Amino acid sequence: MNNVKTKVIFAFILSVYWQFAIAEGDEKVYLNPELIVDDYYSSLMDSGYTKLNEYLHPKEKMKIRNLLLPVLEEASKKGKKGYVQAIFGSNATIDSVRSLNDDEFAKAYFQSIQQTMLAKGVRFQFSKVKKIGSLNEGEDLAHVLVRVNMNVNSVAVDSLDVISVKKFDNGWKLLLKADLEDMVYKIRQRLSTQ
Numbered sequence: 006m007n008n009v010k011t012k013v014i015f016a017f018i019l020s021v022y023w024q025f026a027i028a029e030g031d032e033k034v035y036l037n038p039e040l041i042v043d044d045y046y047s048s049l050m051d052s053g054y055t056k057l058n059e060y061l062h063p064k065e066k067m068k069i070r071n072l073l074l075p076v077l078e079e080a081s082k083k084g085k086k087g088y089v090q091a092i093f094g095s096n097a098t099i100d101s102v103r104s105l106n107d108d109e110f111a112k113a114y115f116q117s118i119q120q121t122m123l124a125k126g127v128r129f130q131f132s133k134v135k136k137i138g139s140l141n142e143g144e145d146l147a148h149v150l151v152r153v154n155m156n157v158n159s160v161a162v163d164s165l166d167v168i169s170v171k172k173f174d175n176g177w178k179l180l181l182k183a184d185l186e187d188m189v190y191k192i193r194q195r196l197s198t199q
């Protein structure tokens, strides 16, 4: 009887442990896919895109850099330095941007998106975010379905988002949503045609 009780208590403690994110150094490690999605939406509600970088899988940060940097380099060769400065600040040069690692590059990119949205008067406010469920696709990839109710410049928007996450080290990290990845491609296309 005592052995069964011990096993039940151990199972309970283990199940509670797996429900929470733990801190490793300065970075949170998300032990299940839904936790990182919860924190991502909380951060989006509080800070917009400025902290998205913290949740992204490193390969996604590398993808952003690999897509945009060659186009920015080409624009700089053509004397169009405004593109680099629009994303990375008025003091940025192509050399200073080239020296950024993937994490720094992606962070600057998302902060630029946030600043551009604010400058153009785009305001969004979440009224409700409800997790509907999640689906594992193998052991290292999962998709979390989320119903999002928000207002964009006072217009009600109701959407169903699929947030994909991939295992990284001991936890999970976000993959780029299709709309964010599309935004990177559109910027690349616009820069390369000018």
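For the sequence shown, the numbering used here gives the first residue as 6, with consecutive numbering after it. All C-beta atoms in this analysis are idealised placements derived from N, C-alpha and C, irrespective of residue type, glycine included. Given the structure is predicted, the values throughout are model-derived calculations rather than measurements.
Whole-Å CB distance - residue i paired with residue j, under 8 Å assumed
| i | j | result |
| --- | --- | --- |
| Ala111 | Ile69 | 5 Å |
| Leu150 | Leu165 | 7 Å |
| Val153 | Val134 | 5 Å |
| Ser117 | Ile99 | So it is not a contact: roughly 16 Å between Cβ atoms. |
| Tyr60 | Lys178 | 7 Å |
| Asn175 | Val34 | 5 Å |
Of the listed residues the options, nearest to residue i (C-alpha basis)
| i | options | result |
| --- | --- | --- |
| Val157 | Ala147, Tyr88, Ala91 and Leu123 | Leu123 |
| Asn58 | Asn141, Val149, Asp163 and Asp108 | Asp108 |
| Asn167 | Ser81, Glu78 and His148 | The sequence shown places Val at residue 167, not Asn. It is His148. |
| Met155 | Gln130, Leu140 and Lys172 | Gln130 |
| Gly138 | Lys33, Leu36, Val42 and Tyr35 | Val42 |
| Glu78 | Ala91, Met67, Arg103 and Lys64 | Arg103 |
| Phe93 | Leu73, Gly84 and Lys83 | Leu73 |
| Gln90 | Asn106, Gln120, Lys64 and Glu65 | Gln120 |
| Lys172 | Pro63, Ser101 and Lys86 | Pro63 |
Run of the alpha helix (DSSP H) containing residue i, from where it starts to where it stops
| i | result |
| --- | --- |
| Gly245 | As shown, the chain starts at 6 and ends at 199. That puts residue 245 outside it, with no answer to give. |
| Lys171 | Note, Lys171: premise wrong, no alpha helix (DSSP H); beta strand (DSSP E) at Val160 to Phe173. |
| Asn37 | Note, Asn37: premise wrong, no alpha helix (DSSP H); not H, not E. |
| Lys178 | From DSSP, Lys178 is part of no alpha helix (DSSP H) but of the beta strand (DSSP E) over Gly176 to Leu179. |
| Lys82 | Pro63 to Lys82 |
Start-to-end residues for the beta strand (DSSP E) that takes in residue i
| i | result |
| --- | --- |
| Lys136 | Phe129 to Asn141 |
Reduced DSSP category for residue i - H, G, I as helix; E, B as strand; rest coil
| i | result |
| --- | --- |
| Ile27 | Only weak support exists for where Ile27 lies, its pLDDT of 46 falling under 50; the value from the coordinates is given anyway. DSSP places Ile27 in strand when its eight states are reduced to three. |
| Leu123 | helix |
| Leu105 | coil |
| Ala111 | helix |
| Ala97 | coil |
| Lys182 | coil |
| Glu59 | helix |
| Ile118 | helix |
Which residues DSSP lists as bridging residue i, in chain order
| i | result |
| --- | --- |
| Met155 | Phe131 and Val162 |
| Val149 | Ser139 and Ile168 |
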